[in-house]
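Numbering (my numbering), first residue to last: 563 to 621. Virtual Cβ for every residue (Gly too), placed ideally from N, Cα, C.
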């Protein structure tokens, strides 16, 4: 995924499904470096982690 698409997903009101390593995640924010994003798993756990946006995949 690229920076432009991450920004579009973040500004959208639609529920856009994104995966990281096969797991469904929410994108919380694009980090200042423009290459990583903070995400958390969909579901009750809210553990957040920074991941490289190139590893995110829109379903």
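Residues bridged to residue i (per DSSP)
| i | result |
| --- | --- |
| residue 564 | In DSSP, residue 564 forms no bridge with anything. |
| residue 591 | 600 |
| residue 581 | 586 and 619 |
| residue 612 | 600 |
Where residue i sits in the DSSP three-state scheme
| i | result |
| --- | --- |
| residue 617 | helix |
| residue 573 | helix |
Contact belief for residue i with residue j at Cβ below 8 Å, rounded distance in angstroms
| i | j | result |
| --- | --- | --- |
| residue 618 | residue 580 | 6 Å |
| residue 601 | residue 590 | 6 Å |
| residue 578 | residue 609 | Not really, about 21 Å apart at Cβ, beyond 8 Å. |
| residue 603 | residue 568 | Actually they are not in contact, since the Cβ atoms of residue 603 and residue 568 sit about 17 Å apart, beyond 8 Å. |
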